[in-house]
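Let me begin by presenting the structure, written as structure tokens, before commenting on it.
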Amino acid sequence: MSTQTDSNKKDLLRGGQFLVKETKAEDIFTPEDFSDEQKMMRESVQEFVNREVMPKREEFEKKNYDLTKELMEKAGEMGFLGVSVPEEYDGLGMGFVTTMLVVDYISGATGSFSTAFGAHSGIGTLPITLYGNEEQKKKYLPKLATGEWFGAYALTEPGAGSDANSGKTKAVLSEDGKYYSITGQKMWISNAGFCNMMIVFARIEDDKNITGFIVEYDPENPNGISLGEEEKKLGIHSSSTRQVFFNETKVPAENMLSERGNGFKIAMNALNVGRIKLAGACLDAQRRSIDASVKYANDRVQFKTPISQFGAIQSKLAEMATSAYAGESASYRAAKDIEDRISIRQEEGNSHQEAELKGVEEYAIECSILKVAASEDLQNCTDEGIQIFGGMGFSADAPMESAWRDARITRIYEGTNEINRMLCVGMLVKKAMKGHVDLLGPATKVGEELTGIPSFDKPDFSELFAEEKEMVKKLKKVFLMVAGSAVQKFGPQLEDHQQLLLASADILIEIYMAESTILRTEKNVNRFGADTQKEQIAMAKLYLYHAVDIINQKAKEGIVSFAEGDEQRMMLMGLKRFTKYENQPNVVELRKVIADKVIGENKYPF
């Protein structure tokens with residue numbers, strides 16, 4: 002065991018370091034690495050969803066909140082709600098990758114159940130797992146892990162959304178110091194209609210930061226808590242979402258979570274975990290959307306031909322599959338990095354709480370990247386699914402209409418995608434300033450390369466992915482060139498230049514996703530043989546091709562907006578050099594290879 006951990010310590014990159022250090026294919030985890038135990042867990046989750054959730058999809062569209070609660074209870078009986086809760090509190094105590102896998106496969110059938118599951122097992126339970134003291138954990142975690150109780154998370158207020166720390170809800174300590182009296186209004190609270198407990202954030206006196214509390218809720222004895230009507234929403238119709246009003250709600254002083262003023266920190270760290278789990282929750286929804294779309298395309302005949310035989314439809318299926326494959330590649334790569342970091346910290350003597358907190362916090366950049374990428378890919382996937390179904394796709398009688406509506410919320414909750422874009426670049430710059438990621442050295446080298454004489458040697462790209470991996474290295478130089486210049490120019494004021502941050506974030510996201518896809522495929526080629534990975538090779542190349550285009554566009558937008566004169570000309574020349582293929586891929590052929598496999602197997606087959 003120790004040798005494994007020693008090598009982990011050596012090879013395990015810190016969060017954000019993927020940008021400045023090379024990752025070897027053998028060092029990343031892929032879905033093909035699932036252990037037998039993980040495969041069994043996946044099968045039991047799939048069986049549960051296929052038996053209990055899929056057949057009731059129509060019911061979920063009818064705002065049947067009781068059905069959501071009933072299925073959550075069944076998920077609790079199966080142990081799924083307690084997958085990440087330590088065994089001593091009646092959970093399964095599974096590692097981070099397994100908890101990710103459960104969220105992934107339980108979320109594919111309907112966004113209503115996915116949201117209820119995520120809100121309960123993630124932000125509803127995690128703050129107690131990560132910040133609760135021993136008494137709090139003993140009291141609440143067993144009930145939450147088994148589904149005897151359900152949790153909710155009350156952070157957002159009418160005036161406090163993305164600016165979470167600006168909440169007005171007040172907590173006033175009683176004269177005898179025994180309880181806090183909480184008064185205020187929360188909104189968009191998932192699971193509010195059937196929860197027994199809420200993690201509530203409120204401000205004590207004029208504290209700079211909010212404080213977290215564990216607040217019990219019993220409709221028979223409401224204790225000053227009242228609920229608004231169920232919200233009327235675009236999607237996730239059977240996910241209970243209500244406003245919650247607190248009117249001098251008495252909360253025992255010992256129910257304060259962590260310490261006074263620590264609420265903002267709790268909220269942010271709970272959201273980091275929530276973000277990577279949300280990326281996981283977008284994966285099976287993509288697989289199932291692809292399954293439904295290709296089955297329809299194979300069955301639907303026009304001009305005496307199944308529409309799956311038309312290039313326009315094949316292009317869509319290939320792109321949908323490629324995005325899903327990239328999302329899996331990047332999500333499980335990051336999940337295993339987090340799991341390894343947690344193990345290392347525990348072996349160094351950290352408690353489970355401390356290790357998990359720091360492990361996830363380390364990869365907060367990757368969590369934000371994944372949240373943005375997977376949610377946007379899911380939206381595109383369901384949108385193209387509607388298009389493949391044609392007129393039928395617009396009908397509520399076919400599965401794509403509700404899938405598309407349910408997908409829309411994923412770009413908003415757990416921090417909007419705009420906030421997450423700005424966060425991932427902002428956190429990277431902060432890490433660089435703390436010396437955790439050396440951006441300055443590599444950025445300086447790129448600057449020297451721009452002014453130096455380019456090499457005209459023809460590289461040897463005969464080996465598989467040699468050119469693609471060289472391309473990823475060059476794309477990293479684009480980020481360092483653009484973001485490095487922006488940091489030099491604006492310093493700490495960079496965060497006021499949101500459009501530049503957004504453009505830089507898109508470059509960062511595409512690098513991580515493209516690299517993860519290539520590394521997963523390379524690892525599998527090395528162990529299973531290239532002939533078994535023909536379609537995966539095509540997907541890795543196709544994903545990179547699009548990434549190069551996006552990065553080119555976003556970098557150019559940045560360069561022409563903050564640089565001028567010679568500096569601008571130099572950077573644009575550098576951009577041209579860093580995004581130039583020696584051998585352009587045949588995009589139509591790549592899509593054909595991928596689509597043939599999907600169509601032939603009549604499902605997402607990877």
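To convert, note that position 412 of the sequence shown is 413 in the working numbering; the numbers rise steadily by one, no gaps.
Even glycine gets a Cβ: it sits at the ideal position worked out from N, Cα and C.
Of the choices 330, 232 and 166, whose alpha-carbon is the least far from that of residue 262? 166
Going by C-alpha to C-alpha distance, which of 368, 433 and 457 sits closest to residue 422? 368
Buried or exposed: which applies to residue 605, given that a residue is buried once 16 or more other Cβ atoms fall within 10 Å of its Cβ? buried
Ends of the alpha helix (DSSP H) at residue 150? First-last for residue 150: undefined, no H or E at that position.
Under 9 Å, Cβ to Cβ, is there at least one residue of chain D near residue 265? No chain D is present in this structure, which holds just one protein chain.
Answer with buried or exposed for residue 385, where buried requires no fewer than 16 other C-beta atoms within 10 angstroms of its C-beta. buried
Whether or not the region 545-564 and the region 499-519 are in contact is what I'm after, with contact meaning three or more pairs of Cβ atoms, one per stretch, closer than 8 Å; do they touch? yes
How would you label residue 313, buried or exposed, when you count the other beta carbons within 10 angstroms and need 16 or more for buried? exposed
Spell out the partners DSSP gives residue 173 in its beta bridges. 182
Limits of the unbroken beta strand (DSSP E) element including residue 198: 198-205
For the alpha helix (DSSP H) containing residue 248, name the first residue and the last one. Looking at the DSSP string, residue 248 is not in any alpha helix (DSSP H); the run it does join, the beta strand (DSSP E), is 242-253.
Contact the region 175-187 vs the region 131-140: 3+ CB pairs below 8 Å: no
Chain-order list of residues whose beta-carbon lies under 8 Å from that of residue 24 (same chain, five-residue window excluded): 14, 516 and 520
Give me, in chain order, the residues of the same chain whose beta-carbon lies closer than 7 Å to that of residue 60; leave out the 5 immediate sequence neighbours on both sides. 68
DSSP on residue 571, reduced to helix/strand/coil? helix
Opening and closing residue of the beta strand (DSSP E) in which residue 36 lies: It is not in any beta strand (DSSP E) - residue 36 carries neither H nor E in the DSSP assignment.
Can you have a look at residue 400 and say buried or exposed, based on whether 16 or more other CB atoms are within 10 angstroms of its CB? buried
Backbone CA spacing between residue 294 and residue 114 [nearest angstrom]: 22 Å
What number of angstroms, rounded off, separates the C-alpha of residue 507 from the C-alpha of residue 535? 28 Å
Between the C-alpha atoms of residue 458 and residue 30, what's the straight-line distance to the nearest angstrom? 35 Å
Whole angstroms is fine: what's the gap from residue 582's alpha carbon to residue 452's? 21 Å
Would you check if the region 295-315 and the region 259-273 touch, i.e. whether three or more CB-CB distances between them fall below 8 Å? no
How many whole angstroms separate the CB atoms of residue 72 and residue 84, which I take to be in contact at a CB cut-off of 8 Å? Wrong, their Cβ atoms sit about 16 Å apart, outside the cutoff.
Taking the beta carbon of residue 32 as the centre, do at least 16 other beta carbons fall within 10 Å, making it buried, or is it exposed? buried
Pick helix, strand or coil for residue 60, following the three-state DSSP scheme. helix
The alpha helix (DSSP H) that contains residue 561, what's its start and end? 535-563
Residues bridged to residue 303 by DSSP? 306
Apart from the five residues just before and just after residue 161, which ones in its own chain have a Cβ nearer than 8 Å to its Cβ? 167, 168 and 169
Based on the DSSP output, what are the partners of residue 214 in its beta bridges? 201 and 257
Taking C-beta to C-beta, are residue 580 and residue 556 nearer than 9 Å? yes
State whether the region 462-469 contacts the region 385-394, with contact taken as three or more CB pairs (one from each stretch) at a distance under 8 Å. no
If you run the structure through DSSP and keep just helix, strand and coil, what is residue 3? In this prediction, residue 3 scores a pLDDT of 38, lower than 50, which makes its location untrustworthy; the coordinate-derived value is nonetheless stated afterwards. Correct three-state label for residue 3: helix.
Residue 156 classed as buried or exposed, judged by whether at least 16 other C-beta atoms fall within 10 angstroms: buried
Cutoff 7 Å; reference residue 148; Cβ partners in own chain excluding five residues on either side: 73, 74, 76, 77, 78 and 82
Check whether residue 434 and residue 366 have beta carbons under 9 Å apart: no
Residue 99: CB within 8 Å of a non-hydrogen atom of the ligand FAD: No copy of the ligand FAD appears in this structure; indeed no ligand is present at all.
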